[in-house]
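Notes to accompany the following structure.
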Amino acid sequence: MGSRLTRALRNFNLESRAHGEISRPRPRAAPRHPASQRLAEQQQQQQRQSGARQVEIDELTRKNENLVSLLKNVYVDSKDTPVEKHPIAKRTKPQQEMRHSKVTLKRDPFAVTNIPKGKLSIVEVLTILNNHKLDPKTWTSDKIAEEYSLEPKDVEGLLEFFKVFEIKILPPEEKKERIGAR
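If you want it as structure tokens, here you go:
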């Protein structure tokens, strides 16, 4: 029932509304700024003065009957060819060399064993930081870089800006009387 009502309202007085829309005057162009109007007038004067330019414009807009007749003679017949499966595009980026992890956790089901050269696993990072903290003379940045196939500047940044958590267990304090509200 609702669609019948909306259709009736939509089609009510349709013809007179269409005539009114057609007879409505078209909107005028916005007035030009005085500076741009002067520029437009100057260009028109230059075009009137140079007659050769007008000939060029007419030549560009004129229809070339010879080309139109040639175009009418062209017939294109297209046939769909079966779509062929294209092989998957090969990687353009060269594949990185892999190395085996130096440190692994026992019973770790998600242990990463193959690591690209120049990268570290989290376990390796923690091991490196801990070894350097415990024995900095043995585990220098050069030795770490050589051992794990890293850039020396990256290792120096790692050792400088990252630290392993340090757990300190404080001895129990003497029991003191608490001051409380009475």
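Counting in this note's numbering, the sequence shown runs from 4 upward without gaps.
We treat Cβ as the ideally placed atom computed from N, Cα and C, and that holds for glycine.
No experiment lies behind these values; they were computed from the predicted model shown.
If you follow the beta strand (DSSP E) that residue 117 is in, where does it begin and where does it stop? Translated into positions along the sequence shown, residue 117 becomes position 114. Residue 117 -> beta strand (DSSP E) spans 117-119.
Practice problem: Give a yes or no on whether the C-beta atoms belonging to residue 167 and residue 136 are separated by under 7 Å. | Solution: What you label residue 167 is simply residue 164 of the sequence shown in a count that begins at 1. What you label residue 136 is simply residue 133 of the sequence shown in a count that begins at 1. Yes, Cβ-Cβ distance for residue 167 and residue 136 is below 7 Å.
Which residue wins for smallest C-alpha separation from residue 165, given the options 155, 129 and 174? On the sequence shown, position 162 is the one that residue 165 refers to. Cα-wise, what sits closest to residue 165 is 129.
Opposite residue 102 in the DSSP bridges: which residues? By one-based count along the sequence shown, residue 102 stands at place 99. DSSP, once it has assigned bridges, lists 118 as partnering residue 102.
In three-state DSSP terms, what is residue 80?
If you number the sequence shown from 1, residue 80 lands on position 77. If DSSP states are grouped into helix, strand and coil, residue 80 belongs with coil.
query = Who are the Cβ neighbours of residue 102 in its own chain at under 7 Å, not counting the five residues just before and after it?
reply = The count along the sequence shown starts at 1 and reaches residue 102 at position 99. Excluding residues within five positions, the ones whose Cβ falls inside 7 Å are 118, 120 and 152.
Are the beta-carbon atoms of residue 159 and residue 144 separated by less than 7 Å? Translated into positions along the sequence shown, residue 159 becomes position 156. Translated into positions along the sequence shown, residue 144 becomes position 141. Yes, Cβ-Cβ distance for residue 159 and residue 144 is below 7 Å.
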